[in-house]
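> I have a structure I would like to understand better, so I am pasting it below and will then ask my questions one at a time.
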Amino acid sequence: MTRNLLAAVGLFALAACDETPATDSTAQLANPAATYCIDSGAQYEIRDGDNGQSGVCILPDGREVDAWDFFRENHPG
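See below:
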């Protein structure tokens, strides 16, 4: 009886060692500057430049500003 109990406990222990579920490697966090730009009624674009990529916020009046500058200057907090 003790032997059967030990075998059952061993099986339960091994069952707990199942693989962890795969995570979605494509999940990304939203860019706060891009989100704020869009929520403010503007359009957001990513542009390639000499120093890499940067986000541009295109305001309703047509002006184009750096998205992070727009965020820092206008976002409360």
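With the UniProt record's numbering applied, the sequence shown covers 1 to 77. Just so it is clear, CB atoms sit at the ideal spot from N, CA and C, and this is done for glycine as well.
Who are residue 73's beta bridge partners in DSSP?
DSSP lists no partner for residue 73.
> Which residues in the same chain as residue 42 place their Cβ atom closer than 7 Å to its Cβ, once the five residues preceding and following it in sequence are excluded?
The answer, listed in chain order, is 57, 58, 59 and 60.
> Where DSSP assigns a beta bridge to residue 39, which residues make up the other side?
Its beta-bridge partners do not exist; DSSP assigns none.
> So residue 50 is in the beta strand (DSSP E); what residue range does that whole segment cover?
Neither: residue 50 is in no beta strand (DSSP E) and is coded neither H nor E.
> Considering only the alpha carbon of each residue, which of 51, 2, 27 and 35 lies closest to residue 67?
Comparing Cα positions, the closest option is 35.
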